Amino acid sequence: MYDPYDPDRPNVLAGLRIDRAGRHRRDDAWLSARQTAPEARTVLIWRDQTVVVPMGGGAVVALLADLAGLMQVAHDLLDDPPVYLGDVDGRPLFAVDITRVEDLAGLLGGLRLDDPAMDIAAAAPVDLRQAASTLDDQQAALVAYGRAMAHWHRRHRFCGVCGAPTEARQGGHVRRCTSETCGTEHFPRTDPAVIMLAVKDDWCVLGRQPRFPAGMYSTLAGFLEPGESLEECVRREMMEEVGLRIGRVSYRHSQPWPFPASLMVGFRAEVLEGGPLDIDHHELEDALWVHRDELRDPELSPVTLPHRISIARRLIDEWMAER
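Each residue of the sequence shown is one higher than the last, beginning at 378 in my numbering.
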């Protein structure tokens, strides 16, 4: 249940209760046994979307396919072996990228399902941001993890050092250059980005980008640059995007954001001096000061807030709930 007052609640897409078994991933025999275990299941990633199945009462669940059965029907259509995500309650879970599958309905129709209540004919790929609002928290975190791994593999098929092909190792958590003279190991990328609610007394700063839905404003954000701390990044981004000087920067919490491969690190940023905003229109379509009471009352609010799956919304809701 969404509760802006709970400081220990994991953000959506985080909090996955999984044993990643990092100590075992170098053991090929151990990984092979996990992959061929009868209970092994996999999330399916198709062109950066996740396959879900509608259930009764409007519920939606991620399709956890029988891995052995999937490998029988789709082995020749996979660019990489299944990525081992970890064990949940003793069950090995994987992610398989089926992007090359053209007849998705045909593939899904040939899979064996654990739950007879599932209507495989209704299974369909959906964008994770859409699915995350309907999946339970654990499934949302699981498919986010799988999506991030699939995205990384598709974009690192060649060595960035010498250009030779790479191959997946350690259950998909490493890609190794196949050149005998290079052999560089490449690891999954996560790009840190700061996301911050800038506040002054009972006012906060929200901005919008052209890609946002009409009327929606959100917190400001930006990627960390080399040689920069997170706090320095917050201050630089606020100055560059809206011309505000920031004093105290307080860490709040973080959220994996696999769109495509970021970690959003959330902060509260205290504005030293208020006043008009100097907006960088290369970065933002608009930005404005909004009063706390306006945001609390939908009839007064000049903006629509982001969806509750995002850390941006949680940063705003926490601030609104304080007084």
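From the three backbone atoms N, C-alpha and C, an ideal C-beta is built for every residue, glycine too.
Remember, predicted model here, so these are calculated numbers, not experimental data.
Buried versus exposed, by CB contacts within 10 Å (16 or more), R700: exposed
Between G701 and the rest of its own chain, which residues show a CB-CB distance below 8 Å, the 5 nearest in sequence each way excluded? The structure shown does not extend to residue 701, since the chain is modelled only from 378 to 700, so the question has no answer here.
Inter-residue spacing [alpha-carbon to alpha-carbon] between E479 and D464: 30 Å
Note down, in chain order, each residue of its chain lying with its Cβ closer than 7 Å to the Cβ of A442, except the 5 sequence neighbours on either side. R418, T419, L421, L488
DSSP on E479, reduced to helix/strand/coil? coil
Secondary structure of D655, DSSP reduced to three states: coil
I'd like the ranges of any alpha helix (DSSP H) spanning at least 4 consecutive residues and lying wholly in the segment 497-523. 505-508
Coil, strand or helix - S787 by DSSP: In this structure the chain extends from 378 to 700, so residue 787 is not present and cannot be described.
In the structure shown, what three-state DSSP assignment does A638 receive? coil
Work out the CA separation of E609 and L481 for me, nearest whole Å. 46 Å
Can you check which of these residues, P679, H563, E660, R622, is closest to E647 by C-alpha distance? R622
May I have the straight-line CA-CA distance separating C759 from L654, to the nearest angstrom? This structure leaves residue 759 out entirely; the chain is present only between 378 and 700.
Which of the three DSSP states, helix, strand or coil, is assigned to M573? strand
Can you give me the C-alpha to C-alpha distance between R394 and Q515, rounded to a whole angstrom? 7 Å
Selected residue, minimal CA-CA separation from D404, among V437, P431, Y461: Y461
Of the residues A638, H668, W666, E617, the one placed nearest R532, counting alpha carbons only: A638
Who are the Cβ neighbours of W696 in its own chain at under 8 Å, not counting the five residues just before and after it? L574, V576, C581, R645, R669
Strictly by DSSP, which residues pair up with I623? V648
Cα separation between E618 and S595? 13 Å
Residues bridged to P431 (per DSSP): V437
By the 10 Å Cβ neighbour count, where 16 or more other Cβ atoms means buried, how is D385 classified, buried or exposed? exposed
Per DSSP, W696 forms a beta bridge with which residues? None; W696 has no bridge partner.
Per DSSP, which residues does G643 bridge with? Please list them. I572, H630
With DSSP as the reference, label R489 as helix, strand or coil. coil
Under DSSP, the alpha helix (DSSP H) around L672 begins and ends at which residues? 669-673
With a CB to CB cut of under 8 Å and the five nearest residues on each side skipped, what residues in its chain are close to W424? As written in the sequence, residue 424 is Arg, which differs from the Trp given in the question. Answer for R424: T476, P502, listed in chain order.
Are the beta-carbon atoms belonging to G592 and T681 less than 7 Å from one another? yes
Residue range of the alpha helix (DSSP H) that G446 falls in? 444-451
Segment limits, beta strand (DSSP E) that includes A545: 543-546
When DSSP builds the beta bridges, which residues end up paired with H563? R552
With a threshold of 8 Å, are at least 3 pairs of Cβ atoms found where one atom belongs to the segment 543-561 and the other to the segment 507-525? no
Based on DSSP bridge pairs, tell me the residues matched to R744. Since the first and last residues shown for the chain are 378 and 700, residue 744 lies out of range.
Could you check the C-alpha separation between G549 and H530 for me, to the nearest Å? 8 Å
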